[in-house]
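There are 2 protein chains.
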Amino acid sequence: MEYILFLYSASLHYKINQSIIIKIIIFFKHVFTYLLSCYNVFKKLNIESRVYMADQFYTMKEAMLYSQRIAQLSKALWKAVEKDWQSWIKPYDLNINEHHILWISYHLKGATISDIAKFGVMHVSTAFNFSKKLEARGLLSFSKRDTDKRNTYVDVTKKGQVLLEEMYDNYHETPHAVLEGSLPIKELYGKFPDFMDVTAVIRNIYGDDFMDIFERSLKNLESTIVAKD
Amino acid sequence: MEYILFLYSASLHYKINQSIIIKIIIFFKHVFTYLLSCYNVFKKLNIESRVYMADQFYTMKEAMLYSQRIAQLSKALWKAVEKDWQSWIKPYDLNINEHHILWISYHLKGATISDIAKFGVMHVSTAFNFSKKLEARGLLSFSKRDTDKRNTYVDVTKKGQVLLEEMYDNYHETPHAVLEGSLPIKELYGKFPDFMDVTAVIRNIYGDDFMDIFERSLKNLESTIVAKD
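So the sequence lines, in the order shown, correspond to chains H and E. When you number the first sequence by my numbering, it's gap-free, plus one each residue, and the end is 229. When you number the second sequence by my numbering, it's gap-free, plus one each residue, and the end is 229.
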């Protein structure tokens, strides 16, 4: 303020056009107001960015712990599942991918290679190559469908069906550590665990159509077993 | 009974020493009693085994559906975890087993090869071979401990620690589909899923000591992150 008064008195002293001085004063006032608002915005942004950082940092710790937990759990679970699966299919000279392809084609009542790749969580080339091997063994057949000329479908042959059904019949001949390890939960709650949170995470990662295929194949398996009763 | 009386009368007839005959009779009585008890046990077992079979048969359908569900879910989850993990460690020229070995040795503050194999769910030879490779890169060191002369311990070197901490710092540089896929659960419940049922199944399969190591390593990770704050 003193500065403005000084300028004003200086203008009186030097007899400069007072209206110009007033314009200069107004100009500086605008500049000052602008700088002040800039400073306030900057200050606010800075606070927000610190809050954001704190938030992010807190989440980072949680995220890290969660990621390590799920990594460890899912590795341990999958390794146990894999071991059970391998010992079940070993007598039939199949690997897990081959059995999974047969399983998917059987329960979806025919599937495209991309269905198999998606639902079997394997690369398209893996799905194709193993399907070709299964075709060579007479367990799968490739065909076009009238309703969908663009895609090639794989279907389980009669020989493949017989093999799969034989495998289901002999399911309990091999050890199933995962099943055994789930029995205390069945005893406690009267049913096997349904892994709601894992299912939700997988739905978010792989999408609704993945889960639809999943439920469809389980329903088909259920009706197959009921039919056999 | 008639047979015993016949034997007795026969002994009188042929004037055989009666005390021997009585011993023989007692012996046969014991044999008969033993056979009868065997038959009863067998009959009981047979009934029980039929009950068990009926029980088993009902459970077989449930068991089959459950096994297929967990196989599919755990494969999908592990493949997503594996993909995230690989993209995180790729810039550091490590594979998942190598990083897992470093991670275990770091968070357990030194570990034996069998600790690593057990907790990392890998074969002992895999744990040993990759540990040797990490030693050659100066990231791990092998040593004996005064408190336990029999086992060889691996510890993360200073260089290894720096590498691991750099990896933690750059954790958010790569995509984490599993973390992203879990955020809606965090939003809904205010925390990340804790996978209680998966944890219980894994505890039953791998035992309490596996879970103890698991919790210990997560606690150490937590305090490491807090210390960095």
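Positions of the beta carbon are idealized from the N, C-alpha and C atoms, including for glycine.
Next item on the list: With 9 Å as the threshold, decide whether the Cβ of Pro175(H) is near any Cβ in chain E.
Entry: Among the residues facing chain E, Pro175(H) is not included, as its CB has no counterpart in that chain under 9 Å away.
Next item on the list: Would you kindly work out how many angstroms separate the C-alpha atoms of Gly181(H) and Lys118(E), rounded to a whole number?
Entry: Counting only the Cα atoms, Lys118(E) lies some 17 Å from Gly181(H).
Checklist line | For Phe142(H), the residue or residues it bridges with in DSSP | finding: Phe142(H) is bridged to Val154(H).
Notebook entry, point to check: Among the residues of its own chain, which have a CB less than 8 Å from the CB of Ala177(E), if the five just before and after it don't count?
Noted result: Within the same chain, and ignoring the five residues on either side of Ala177(E) in sequence, the residues whose Cβ sits closer than 8 Å to its Cβ are Ala80, Lys83 and Asp84.
Next item on the list: Would you identify the three-state DSSP class for Glu33(H), choosing helix, strand or coil?
Entry: Correcting the residue type first, residue 33(H) is Thr in the shown sequence and not Glu. Per DSSP, reduced to three states, the secondary structure at Thr33(H) is helical.
Notebook entry, point to check: If you draw a straight line from the C-alpha of Lys75(E) to the C-alpha of Asp209(H), how long is it?
Noted result: Whole-angstrom Cα-Cα distance: 17 Å.
Note to self: If you reduce the DSSP assignment to three classes, tell me which class Lys219(E) lands in.
What the structure shows: Assigned with DSSP and collapsed to three states, Lys219(E) falls in helix.
Item checked: Helix, strand or coil at Lys149(E) according to DSSP, with G and I counted as helix -> Lys149(E) falls in the strand class under three-state DSSP.
Notebook entry, point to check: Taking 9 Å as the CB-CB cut-off, is Ile24(H) touching chain E?
Noted result: Not flagged as an interface residue toward chain E: Ile24(H), since no C-beta distance is shorter than 9 Å.
Next item on the list: Identify each residue in the segment 61-74 of chain E for which the Cβ-Cβ distance to at least one residue of chain H is less than 9 Å, and report them in chain order.
Entry: Of all residues in the segment 61-74 of chain E, only Lys61, Glu62, Ala63, Met64, Leu65, Tyr66, Ser67, Gln68, Arg69, Ile70, Ala71, Gln72, Leu73 and Ser74 come within less than 9 Å of chain H when Cβ atoms are compared, listed by chain position.
Item checked: Residues of the segment 178-196 of chain E whose Cβ lies closer than 7 Å to any Cβ of chain H, in chain order -> Correct list: Val178, Leu179, Gly181, Ser182, Pro184, Ile185, Phe192, Pro193 and Phe195.
Notebook entry, point to check: Quick one: is Asn204(H) near chain C, going by C-beta distance under 9 Å?
Noted result: Looking at the structure shown, chain C is missing, and the protein chains on hand are H and E.
Margin query: Cβ closer than 8 Å: which chain E residues qualify as neighbours of Glu243(H)?
Written below: Beyond the ends of chain H as shown, which are 1 and 229, falls residue 243(H); an answer cannot be given.
Next item on the list: Would you decide whether Leu73(E) is buried or exposed? Buried here means 16 or more other CB atoms lie within 10 Å of its CB.
Entry: Buried: at least 16 other Cβ atoms inside 10 Å.
Note to self: If I measure Cβ to Cβ from Glu62(E) and keep anything under 8 Å in the same chain, skipping five residues before and after, which residues do I get?
What the structure shows: For Glu62(E), there are no CB contacts under 8 Å within the same chain when 5 residues up- and downstream are skipped.
Check: What residues from the segment 205-220 of chain H come within 7 Å of chain E, judged by C-beta to C-beta, listed N to C?
Finding: Per Cβ criterion, the list reads Ile205, Tyr206, Phe214 and Leu218.
Checklist line | C-alpha gap between Val192(E) and Ala127(H), whole angstroms | finding: Just to set this straight, residue 192(E) is Phe in the shown sequence, not Val. Computed Cα separation, rounded: 34 Å.
Note to self: Applying the 10 Å Cβ sphere with the 16-neighbour rule, what's the burial state of Arg150(H)?
What the structure shows: Per the 10 Å Cβ criterion, exposed.
Note to self: Am I right that Tyr168(H) and Gly110(H) are in contact with their C-beta atoms under 8 Å? What's the rounded C-beta distance?
What the structure shows: At roughly 19 Å, the Cβ-Cβ gap does not stay under 8 Å, so Tyr168(H) and Gly110(H) are not in contact.
Checklist line | chain E contacts made by the segment 137-150 of chain H, where a contact means CB separation under 8 Å | finding: With the criterion set as a beta carbon lying under 8 Å from some beta carbon of chain E, the segment 137-150 of chain H has no members that meet it.
Notebook entry, point to check: Which bits of chain E does Lys79(H) rub up against, with CB to CB less than 7 Å?
Noted result: For the C-beta of Lys79(H), the chain E residues within less than 7 Å are, from N- to C-terminus, Val121.
Note to self: At the level of alpha carbons, what is the spacing between Leu179(H) and Met196(E)?
What the structure shows: Distance between the alpha carbons of Leu179(H) and Met196(E) is about 16 Å.
Check: Sorted by chain position, which residues of the same chain lie with C-beta nearer than 8 Å to Leu164(E)'s C-beta, five sequence neighbours on each side aside?
Finding: Contacts found: Leu102, Trp103, Tyr106 and Val156.
Note to self: Which of the three DSSP states is assigned to Thr112(H) in this structure?
What the structure shows: The three-state secondary structure of Thr112(H), taken from DSSP, is strand.
Notebook entry, point to check: If you draw a straight line from the alpha carbon of Phe214(H) to that of Asp212(E), how long is it in whole angstroms?
Noted result: Straight-line Cα distance between these residues: approximately 34 Å.
Checklist line | Inter-residue Cα distance where the pair is Gly138(H) and Leu94(H) | finding: One C-alpha to the other measures close to 13 Å.
Note to self: Does any residue of chain E have a CB that is nearer than 9 Å to the CB of Asp84(H)?
What the structure shows: Taking a beta-carbon distance threshold of 9 Å, Asp84(H) counts as an interface residue toward chain E.
Notebook entry, point to check: What three-state label does DSSP hand Lys191(E) in the structure shown?
Noted result: DSSP, read as helix, strand or coil, puts Lys191(E) in coil.
Notebook entry, point to check: Is Asn97(H) helix, strand or coil when you go by DSSP?
Noted result: Helix.
Notebook entry, point to check: Does the beta carbon of Met53(H) sit closer than 9 Å to a beta carbon anywhere in chain E?
Noted result: Only weak support is given to the placement of Met53(H): the predicted model assigns it a pLDDT of 42, under 50, and the value that follows is read from those uncertain coordinates. Answer no: the Cβ-Cβ gap between Met53(H) and chain E never drops below 9 Å.
Margin query: So Ala200(H) contacts chain E; which residues on that side make the cut at Cβ distance below 7 Å?
Written below: Taking a Cβ-Cβ cut-off of 7 Å, the neighbours of Ala200(H) in chain E comprise Ile185, given in sequence order.
Next item on the list: Report the three-state DSSP secondary structure of Pro184(H) (helix, strand or coil).
Entry: In the structure shown, Pro184(H) sits in a helix (DSSP, three-state: H, G or I).
Next item on the list: Kindly list the residues whose CB is nearer than 6 Å to the CB of Gln56(H), restricted to its own chain and excluding five residues on each side of it in sequence; keep chain order.
Entry: Annotation note: pLDDT 48 at Gln56(H) (below 50); position unreliable, coordinate value reported separately. So the list is empty, once near-sequence residues are dropped.
Notebook entry, point to check: Rounded to a whole number of angstroms, what is the C-alpha to C-alpha distance between Ile25(E) and Leu65(E)?
Noted result: The straight-line gap from Cα to Cα measures roughly 59 Å.
Check: Under 9 Å between C-beta atoms, does Ala117(H) make it to chain E?
Finding: It does not; no Cβ of chain E falls within 9 Å.
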